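Protein chains: 2
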Amino acid sequence: MPHTPGRPLHLRIALDAEIAIGPGKADLLEGIRETGSIAAAGRAMQMSYKRAWSLVEAMNSAFREPVVETARGGNARGGATLTATGDAVLAAYRRMTKAAEDAVAPEVETLKSMLSTVPGSDEQRD
Amino acid sequence: MPHTPGRPLHLRIALDAEIAIGPGKADLLEGIRETGSIAAAGRAMQMSYKRAWSLVEAMNSAFREPVVETARGGNARGGATLTATGDAVLAAYRRMTKAAEDAVAPEVETLKSMLSTVPGSDEQRD
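Line by line, the protein sequences give chains A and B.
So for the first sequence, the working numbering puts the first residue at 1; every next one is plus one.
So for the second sequence, the working numbering puts the first residue at 1001; every next one is plus one.
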């Protein structure tokens, strides 16, 4: 099963029946904060502008206050900033990931100790 | 973003570069334990037999001991049982999910309190 190297834990949480937050939305928020652009943030994740915009729209509708504001109000391709709510959502997601990582660490070590070890021939694992 | 109703937390953990465990593999193991069949377990998840078998094979190769044993040793369509290792992996995954849920609960409550509330018109959330 493909997974992002270097990111051992992948966490997605449904906040209600309509909205979930996971690594995709969190990374997008972070990218928007860094680049000031929905398009640039999406591009850096190999995500279409349409997809990036739809994730932002989903979050903006779900939360009482928008998470991202665009300079021209509409779906302008430049000039996007995280709001205080966006900052708070992103920070909460990062804290949740860290808390979950810490919570599962002992079980992860146990599972790792049960893996077969085939030194120098990882491809036999496929 | 689609997510399984009634299962608020979706957790996937990479154990090394080759193998990750998430809800798909865990539910498959549970289904095999319940039905005694890889095919039946996959079907219950709307998963093709090929896909179910490939997930079992990936786990069987990754762990020192197989997680599932089939009656005829090969990819027989009936007679599959969880091994002690399979039981242990499934139990560890369920414990990790519970531990992660507990760990993120306070942040989840904070995020939920930030959601817009549109009583009786959830469709406005989309």
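Backbone N, C-alpha and C fix where the C-beta goes; we use that ideal spot for every residue, glycine too.
Small disclaimer: the values here were computed from a predicted structure and weren't measured.
Item	Value
If the cut is a Cβ gap below 8 Å, which residues of chain A does D1087/B touch?	Residues of chain A passing the Cβ test: none, with the nearest at roughly 12 Å.
From A1041/B to L82/A, what distance separates their C-alpha atoms?	44 Å
With a threshold of 16 other CB atoms inside 10 Å of the CB of K25/A, please say whether the residue is buried or exposed.	buried
Run down chain B in chain order and give the residues with a C-beta less than 8 Å from the C-beta of A92/A.	E1107, T1110, L1111
Of all the alpha helix (DSSP H) runs that stay within the bounds of the stretch 1036-1114 of chain B, which reach a length of 4 or more residues?	1038-1044, 1049-1062, 1084-1113
Pair every Cβ in the stretch 1097-1107 of chain B with every Cβ in the stretch 90-100 of chain A, then say whether three or more of these pairs are closer than 8 Å.	yes
With distances taken from CA atoms, which of Q46/A, A52/A, D87/A is nearest E65/A?	D87/A
Starting from L11/A, follow its DSSP beta bridges and name the residues at the other end.	L1011/B
When burial is assigned at 16 or more other CB atoms within 10 Å of the CB, is S37/A buried or exposed?	buried
Using 8 Å for Cβ pairs, my map puts M1045/B next to L1028/B. What's the rounded Cβ distance?	7 Å
Tell me whether the stretch 5-19 of chain A and the stretch 1008-1017 of chain B touch, counting them as touching only if at least three CB pairs, one residue from each stretch, are closer than 8 Å.	yes
Hey, is R39/A's beta-carbon within less than 7 Å of any beta-carbon in chain B?	According to the sequence shown, residue 39/A is Ala rather than Arg. No, A39/A lies away from the interface with chain B (no Cβ there is under 7 Å from its Cβ).
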